[in-house]
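Working notes, structure below.
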Amino acid sequence: DAKTTQPPSMDCAEGRAANLPCNHSTISGNEYVYWYRQIHSQGPQYIIHGLKNNETNEMASLIITEDRKSSTLILPHATLRDTAVYYCIVRVVGTNAGKSTFGDGTTLTVKP
Amino acid sequence: DAGVIQSPRHEVTEMGQEVTLRCKPISGHNSLFWYRQTMMRGLELLIYFNNNVPIDDSGMPEDRFSAKMPNASFSTLKIQPSEPRDSAVYFCASSPGLAVFNEQFFGPGTRLTVL
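Residue numbers (the working numbering), protein chains in the order written: chain A, 1 to 112; chain B, 1 to 115.
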């Protein structure tokens, strides 16, 4: 699976959009981009995933560059409860789906 | 559904003792995963099962660690003998299947402290 690079930490004002970047320059054509988050003392929680088209769900939007070497997770109106570690993961969907590397992630702090 | 259930939530034991962590996956999920999380190493996948069969245990750190899944609704992770460096939060997760990574649901974790 391709390696990802994320900034270690970011701050965001409550109510503003939080834009979390992820670099995955070695991503291959059949690898998806996944985002999970982990709120303090809880297990990781799935947020969103995509292959090459931008995706949106009730939690967030995922913007993937045309060359697929980077992506941005957007929380449109961050709240204090969005303070968490956000993990960007790239991997192939298939029978090996269990093998996942979460990396260090980005610690997002939403401030009032 | 109650989600993935793990027990105990906290465990404090002394070095050399046997520790057994338990997990009940979400009903109907065919895949189960054991992770370990520490400050130093982050979140590591230890082993995963599909249809109660261990698929990959390459993440298990040592022979002191073993995992079983006797049926579709129960799994255990055992450490024998335990050591202080095993102190960590251990997460269990389940998924409808191995191909559906996005639906991997995590339990609340077991915080293990080995003195």
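Cβ coordinates follow ideal geometry from the N, Cα and C atoms, glycine included. All values reported here derive from a predicted model rather than from experimental measurement.
Note to self: Please report whether the beta-carbon of LEU115 (chain B) lies at a distance below 7 Å from any beta-carbon of chain A.
What the structure shows: No, LEU115 (chain B) does not count as interfacial toward chain A.
Checklist line | 6 Å CB neighbourhood of GLN10 (chain B) in its chain, flanking five on each side removed | finding: Note that residue 10 (chain B) corresponds to His in the displayed sequence, not to Gln. These residues qualify, in order along the chain: ARG111.
Check: Going along the region 32-43 of chain A in order, which residues come within less than 9 Å of chain B, judged by CB to CB distance?
Finding: Per Cβ criterion, the list reads TYR32, TYR34, TYR36, GLN38, SER41, GLN42, GLY43.
Next item on the list: With 7 Å as the C-beta to C-beta threshold (strictly closer), list the residues of the region 17-44 of chain B near chain A in chain order.
Entry: SER31, PHE33, GLY42, LEU43
Check: Any idea if GLY15 (chain A) is buried or exposed, counting beta-carbon neighbours within 10 angstroms, 16 or more meaning buried?
Finding: exposed
Notebook entry, point to check: Helix, strand or coil: which one does DSSP assign to GLU103 (chain B)?
Noted result: helix
Notebook entry, point to check: Can you tell me whether DSSP reads LEU43 (chain B) as helix, strand or coil?
Noted result: strand
Notebook entry, point to check: Leaving out the 5 sequence neighbours to the left and right, which residues in its chain are closer than 7 Å to LEU80 (chain A) when beta-carbon positions are compared?
Noted result: GLU14, VAL110, PRO112
Check: Using the C-alpha atoms, what's the distance from ILE26 (chain B) back to ALA2 (chain B)?
Finding: 8 Å
Notebook entry, point to check: Rounded to whole angstroms, how far is the Cβ of ARG36 (chain B) from the Cβ of ALA88 (chain B), which I believe are closer than 8 Å?
Noted result: So it is a contact: roughly 5 Å between Cβ atoms.
Item checked: C-beta neighbour in chain B for ASP104 (chain A), strict 7 Å -> yes
Check: Nearest to PHE106 (chain B) by CA position, among B:SER7, B:THR113, B:PHE91, is which residue?
Finding: Answer by Cα proximity: B:PHE91.
Next item on the list: Taking only heavy atoms of the ligand SAM into account, decide whether any of them is closer than 6 Å to the Cβ of ILE63 (chain A).
Entry: Only the bare structure without any ligand can be found here, which leaves the ligand SAM out of the picture.
Next item on the list: With a threshold of 16 other CB atoms inside 10 Å of the CB of THR106 (chain A), please say whether the residue is buried or exposed.
Entry: When all chains shown are included, THR106 (chain A) counts as buried.
Notebook entry, point to check: Roughly how many angstroms lie between the CA atoms of ALA72 (chain B) and ASP11 (chain A), to the nearest whole one?
Noted result: Spanning the two alpha carbons is a distance of roughly 42 Å.
Next item on the list: With a floor of 4 residues, list each alpha helix (DSSP H) that falls wholly inside the region 26-58 of chain A, ordered by position along the chain.
Entry: none
Checklist line | Buried or exposed by the 16-neighbour rule on C-beta atoms within 10 Å, applied to HIS24 (chain A) | finding: If you draw a 10 Å sphere on the C-beta of HIS24 (chain A), you find 16 or more other C-beta atoms in it, and that means buried.
Next item on the list: Indicate the three-state DSSP secondary structure (helix, strand or coil) for LEU75 (chain A) in the structure shown.
Entry: strand
Margin query: Judging by CA-CA distance, which residue of A:GLY103, A:ILE89, A:ILE63 is the nearest neighbour of SER28 (chain A)?
Written below: A:ILE89
Item checked: C-beta contact flag for LEU77 (chain B) and GLU14 (chain B) at 7 Å -> no
Notebook entry, point to check: Does the distance from the C-beta atom of ALA84 (chain A) to that of ILE39 (chain A) stay below 7 Å?
Noted result: yes
Notebook entry, point to check: Whose C-beta lies closer than 7 Å to the C-beta of ARG68 (chain A) among residues of the same chain, with five residues either side of it excluded?
Noted result: Within the same chain, ARG68 (chain A) has close Cβ partners ILE27, LYS52.
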